[in-house]
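Student: Supplied in structure tokens, the structure appears directly below.
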Amino acid sequence: MADTESSPTPESFLKRSPLYRALRSRGARFMETEGGAVADSFGNGDESENLAVREMAICDLSPLPRHGFKGKGALEWLRKQGVAIGNEDNRAYTQPGGSLVARLAPTEALILGNLSSENALSAQLEGDWSIDTAPDCYAVPRNSANFWFLITGLHAPNMFAKLCGIDLRLHKFPVNAIAQTSVARSVAIIIRADLGAVPAFHLLGDSASALYMLDCLEDAMGEFGGKPVGISAVRRAMKS
Amino acid sequence: MKIMLCPLNGPRNISEFVCRGDVVDRPDPTACSDEAWADYVFMQDNVAGIVREWWYHVATAYWFIAERNTVTDEIVRTYPASEIFHPPVDHGTDSGGRS
Numbered sequence: 001m002a003d004t005e006s007s008p009t010p011e012s013f014l015k016r017s018p019l020y021r022a023l024r025s026r027g028a029r030f031m032e033t034e035g036g037a038v039a040d041s042f043g044n045g046d047e048s049e050n051l052a053v054r055e056m057a058i059c060d061l062s063p064l065p066r067h068g069f070k071g072k073g074a075l076e077w078l079r080k081q082g083v084a085i086g087n088e089d090n091r092a093y094t095q096p097g098g099s100l101v102a103r104l105a106p107t108e109a110l111i112l113g114n115l116s117s118e119n120a121l122s123a124q125l126e127g128d129w130s131i132d133t134a135p136d137c138y139a140v141p142r143n144s145a146n147f148w149f150l151i152t153g154l155h156a157p158n159m160f161a162k163l164c165g166i167d168l169r170l171h172k173f174p175v176n177a178i179a180q181t182s183v184a185r186s187v188a189i190i191i192r193a194d195l196g197a198v199p200a201f202h203l204l205g206d207s208a209s210a211l212y213m214l215d216c217l218e219d220a221m222g223e224f225g226g227k228p229v230g231i232s233a234v235r236r237a238m239k240s
Numbered sequence: 001m002k003i004m005l006c007p008l009n010g011p012r013n014i015s016e017f018v019c020r021g022d023v024v025d026r027p028d029p030t031a032c033s034d035e036a037w038a039d040y041v042f043m044q045d046n047v048a049g050i051v052r053e054w055w056y057h058v059a060t061a062y063w064f065i066a067e068r069n070t071v072t073d074e075i076v077r078t079y080p081a082s083e084i085f086h087p088p089v090d091h092g093t094d095s096g097g098r099s
């Protein structure tokens with residue numbers, strides 16, 4: 001856990017979460033990851049955050065890299081780059097390096113970086129792509145356009161039931177399932193990606209609505225004892 | 001809440017969708033009269049019965065076609081546009097610029 005003295009300030013990075021002020025007001029301590037400042041912990045001790053991850057928690061991953069591709073030739077181009085994508089829409093496919101590739105449609109995919117370590121797949125694909133060499137494949141930059149939360153814990157499906165019409169119960173919404181839907185009346189993408197035995201859901205939406213969504217989620221998870229946690233608690237859960 | 005079956009995303013609340021009007025054949029914008037073009041752009045037939053309409057799933061920006069009974073508001077069937085458009089809709093390369 002980073003201590004206050006050595007914790008970098010988000011202002012010292014060009015890449016920040018749209019929520020960094022809100023997270024700081026909740027006690028966040030930051031660390032550098034992938035050239036940005038991500039909330040590392042909230043100063044309540046590792047055990048407290050470990051428990052929250054298992055029960056009900058929200059982690060802001062917005063500074064981490066992600067990228068999308070869209071167009072009739074998008075999936076074909078990604079496959080030529082070695083990305084493993086199956087034939088089912090609204091399904092996420094885990095890559096050998098741990099990145100997650102979400103097939104949103106026959107013509108669109110979203111790449112989420114690996115949470116456990118720095119992973120270059122998203123950035124590599126972004127760098128390799130060119131309008132001249134990727135026919136009918138168009139880049140969809142999502143780093144600035146989308147917030148990215150990870151919602152974790154056994155109570156997550158019950159919490160989502162207050163905000164979303166999709167049945168996210170664990171026996172109905174399997175690992176790697178995707179729902180592109182409305183959450184708190186705002187357009188969002190939900191991807192189930194458990195942390196070992198801990199249920200977990202990626203949630204992405206319009207970054208301009210990030211603060212609104214954080215308020216809605218914190219309000220909804222209040223009855224389950226939910227609270228924000230840092231990325232270190234998430235990484236510990238992945239290893240356990 | 002009324003449920004609509006999206007061909008891409010499955011059953012969803014109707015609030016996630018927007019109806020974008022009848023599926024009609026587009027006249028050739030370079031050859032048709034102004035009246036025919038205005039009729040295509042602005043006018044609806046307002047049929048009492050089963051109609052074929054464009055619908056849009058907002059969360060995915062996905063366009064598809066639904067057959068709906070305008071008398072009972074029952075959605076009879078939904079399917080991808082590719083089911084009736086082969087190849088997909090050609091917006092043309094004419095200088096009129098309409099798409």
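The listed protein sequences derive, respectively, from chains P and Z. Sequential numbering from 1 applies to the first sequence in my numbering. Sequential numbering from 1 applies to the second sequence in my numbering. The beta carbon of each residue, even a glycine, is placed where N, CA and C say it ideally should be.
Comparing the C-beta of N90 (chain P) with each C-beta of chain Z, is any distance below 8 Å?
Tutor: Here the question's residue 90 (chain P) lines up with position 90 in the first sequence. Interface residue, yes.
Student: Using three-state DSSP, classify P96 (chain P) as helix, strand or coil.
Tutor: Start at 1 with the first residue of the first sequence, and residue 96 (chain P) comes out as number 96. Looking at P96 (chain P) - three-state DSSP - the assignment turns out to be coil, as it is neither helix nor strand.
Student: Whole-angstrom Cβ separation of V234 (chain P) and L150 (chain P), contact assumed at under 8 Å?
Tutor: Start at 1 with the first residue of the first sequence, and residue 234 (chain P) comes out as number 234. Start at 1 with the first residue of the first sequence, and residue 150 (chain P) comes out as number 150. Their Cβ separation, rounded to whole angstroms, is 6 Å, which keeps V234 (chain P) and L150 (chain P) in contact under 8 Å.
Student: For the alpha helix (DSSP H) containing P157 (chain P), list its first residue and its last residue.
Tutor: Translated into positions along the first sequence, residue 157 (chain P) becomes position 157. Segment A156 to A161, the alpha helix (DSSP H) holding P157 (chain P).
Student: Indicate whether at least one CB of chain P lies closer than 8 Å to the CB of N46 (chain Z).
Tutor: One-based indexing of the second sequence puts residue 46 (chain Z) at position 46. So, not an interface residue.
Student: Can you check whether the C-beta of Q180 (chain P) is within less than 8 Å of a C-beta belonging to chain Z?
Tutor: On the first sequence, position 180 is the one that residue 180 (chain P) refers to. Closer than 8 Å to some Cβ of chain Z, the Cβ of Q180 (chain P) qualifies, so yes.
Student: Are the CB atoms of M238 (chain P) and G196 (chain P) nearer to each other than 8 Å?
Tutor: Looking up residue 238 (chain P) in the first sequence gives position 238. Looking up residue 196 (chain P) in the first sequence gives position 196. Going by C-beta atoms, M238 (chain P) is nearer than 8 Å to G196 (chain P).
Student: Please compile the residues from chain Z whose C-beta is within a distance smaller than 8 Å of the C-beta of A105 (chain P).
Tutor: Position 105 of the first sequence, counted from the start, is the residue given in the question as residue 105 (chain P). Near A105 (chain P) (Cβ distances below 8 Å), the residues of chain Z are L8, T60 and Y62.
Student: Roughly how far, in whole angstroms, is the beta-carbon of Q64 (chain P) from the beta-carbon of W148 (chain P), given that I think they are within contact range, below 8 Å?
Tutor: Your numbering for residue 64 (chain P) matches position 64 in the first sequence. Your numbering for residue 148 (chain P) matches position 148 in the first sequence. The residue you asked about is not Gln; residue 64 (chain P) is Leu in the sequence shown. Contact holds; Cβ gap of about 7 Å.
Student: State the CB to CB distance for the pair A210 (chain P) and H202 (chain P), rounded to an integer number of angstroms; the pair is presumed to be in contact (CB under 8 Å).
Tutor: Numbered from 1 along the first sequence, position 210 holds the residue referred to as residue 210 (chain P). Numbered from 1 along the first sequence, position 202 holds the residue referred to as residue 202 (chain P). In fact, because the Cβ distance is near 14 Å, the residues do not count as touching under 8 Å.
Student: When the Cα of F17 (chain Z) is compared with those of Z:V24, Z:A61 and Z:C32, which residue comes out closest?
Tutor: Here residue 17 (chain Z) is taken as the residue at index 17 of the second sequence, counted from 1. Comparing Cα positions, the closest option is Z:A61.
Student: According to DSSP, what are the bridge partners of T152 (chain P)?
Tutor: Counted from its first residue, the first sequence places residue 152 (chain P) at position 152. The partner list for T152 (chain P) (beta bridge, DSSP) reads P:A57 and P:A200.
Student: Which value, in whole angstroms, describes the spacing of the CA atoms of S12 (chain P) and M213 (chain P)?
Tutor: Within the first sequence, residue 12 (chain P) is the residue found at index 12, counting from 1. Within the first sequence, residue 213 (chain P) is the residue found at index 213, counting from 1. Using only the alpha carbons, I get a separation of about 25 Å.
Student: Are at least three pairs of beta-carbons, each pair with one atom in the segment 129-146 of chain P and one in the segment 66-86 of chain P, less than 8 Å apart?
Tutor: yes
Student: Report the neighbours of V187 (chain P) on chain Z: residues whose CB is nearer than 8 Å to its CB, in chain order.
Tutor: On the first sequence, position 187 is the one that residue 187 (chain P) refers to. In chain order: V58 and A59.
Student: Give a yes or no on whether the C-beta atoms belonging to R103 (chain P) and Y93 (chain P) are separated by under 8 Å.
Tutor: Residue numbering aside, residue 103 (chain P) sits at position 103 when the first sequence is read from its first letter. Residue numbering aside, residue 93 (chain P) sits at position 93 when the first sequence is read from its first letter. Result yes, Cβ atoms of R103 (chain P) and Y93 (chain P) sit closer than 8 Å.
Student: Please work out which residues of its chain come closer than 7 Å, Cβ to Cβ, to K72 (chain P), disregarding the five sequence neighbours upstream and downstream, and give them in chain order.
Tutor: For the purposes of this step, residue 72 (chain P) is identified with residue 72 of the first sequence, where counting begins at 1. The residues are T107 and D136.
Student: Measuring straight from C-alpha to C-alpha, what distance separates G205 (chain P) and A109 (chain P)?
Tutor: As a position in the first sequence, residue 205 (chain P) is number 205, starting the count at 1. As a position in the first sequence, residue 109 (chain P) is number 109, starting the count at 1. Roughly 15 Å between the two C-alpha positions.
Student: Would you say E74 (chain Z) reaches chain P, if we count a Cβ-Cβ gap shorter than 8 Å as a contact?
Tutor: In the second sequence, counting from the first residue as 1, residue 74 (chain Z) sits at position 74. E74 (chain Z) does not count as touching chain P.
Student: Using CA atoms only, rank isn't needed, just tell me which of Z:L8, Z:H86, Z:D39 and Z:D22 is closest to N69 (chain Z).
Tutor: Sequence index remark: in the second sequence, residue 69 (chain Z) carries index 69 (1-based). Ranking the options by Cα distance to N69 (chain Z), first place goes to Z:D22.
Student: From M56 (chain P) to G230 (chain P), what does the alpha carbon distance come to, in whole angstroms?
Tutor: The residue given as residue 56 (chain P) occupies position 56 in the first sequence. The residue given as residue 230 (chain P) occupies position 230 in the first sequence. Taking the straight line from one Cα to the other gives about 13 Å.
Student: Between the Cα of D25 (chain Z) and those of Z:M43, Z:T72 and Z:V71, spot the shortest distance and give me the residue it belongs to.
Tutor: Reading the second sequence from its first residue, position 25 is the one you call residue 25 (chain Z). Nearest option by C-alpha distance: Z:M43.
Student: Cβ of G68 (chain P) less than 8 Å from any chain Z Cβ?
Tutor: The residue given as residue 68 (chain P) occupies position 68 in the first sequence. With 8 Å as the cut-off, G68 (chain P) does not count as an interface residue toward chain Z.
Student: In three-state terms, what does DSSP make of A134 (chain P)?
Tutor: Here residue 134 (chain P) refers to the residue found at position 134 of the first sequence. Reduced to three states, the DSSP call for A134 (chain P) is coil.
Student: Taking a cut of 7 Å between CB atoms, which residues from the segment 149-176 of chain P lie near chain Z?
Tutor: G165
Student: Does DSSP classify R185 (chain P) as helix, strand or coil?
Tutor: As a first step, residue 185 (chain P) is located in the first sequence; it is residue number 185 there, counting from the start. Correct three-state label for R185 (chain P): coil.
Student: Which one or two residues does DSSP pair with G165 (chain P) in a beta bridge?
Tutor: By 1-based counting over the first sequence, the position of residue 165 (chain P) is 165. Its beta-bridge partners do not exist; DSSP assigns none.
Student: Below 9 Å on C-beta distance, what does R20 (chain Z) contact in chain P?
Tutor: Here residue 20 (chain Z) refers to the residue found at position 20 of the second sequence. Those do not exist, as R20 (chain Z) stays about 17 Å from chain P at its closest Cβ, beyond 9 Å.
Student: T62 (chain P) and S116 (chain P): beta carbons closer than 8 Å?
Tutor: Here residue 62 (chain P) refers to the residue found at position 62 of the first sequence. Here residue 116 (chain P) refers to the residue found at position 116 of the first sequence. The identity of residue 62 (chain P) in the sequence shown is Ser, whereas the question assumes Thr. No; because the gap between Cβ atoms is not below 8 Å, this pair is not in contact.
Student: Does the CB of S15 (chain Z) have a neighbour CB from chain P at under 8 Å?
Tutor: Position 15 of the second sequence, counted from the start, is the residue given in the question as residue 15 (chain Z). So yes, S15 (chain Z) belongs to the interface.
Student: For E53 (chain Z) versus C6 (chain Z), is the C-beta distance shorter than 8 Å?
Tutor: In the second sequence, residue 53 (chain Z) corresponds to position 53, counting from 1. In the second sequence, residue 6 (chain Z) corresponds to position 6, counting from 1. No, these two residues do not count as a Cβ contact at 8 Å.
Student: First and last residue of the beta strand (DSSP E) that includes E35 (chain Z)?
Tutor: What you label residue 35 (chain Z) is simply residue 35 of the second sequence in a count that begins at 1. E35 (chain Z) -> not in any beta strand (DSSP E); alpha helix (DSSP H) instead, spanning D34 to F42.
Student: If we ignore side chains and look at the alpha-carbon of each, how far apart do D40 (chain P) and S99 (chain P) end up?
Tutor: Along the first sequence, one-based indexing puts residue 40 (chain P) at 40. Along the first sequence, one-based indexing puts residue 99 (chain P) at 99. Answer to the nearest angstrom: the Cα atoms are 20 Å apart.
Student: Please report whether the beta-carbon of D136 (chain P) lies at a distance below 8 Å from any beta-carbon of chain B.
Tutor: Of the protein chains in the structure, P and Z, none is chain B.
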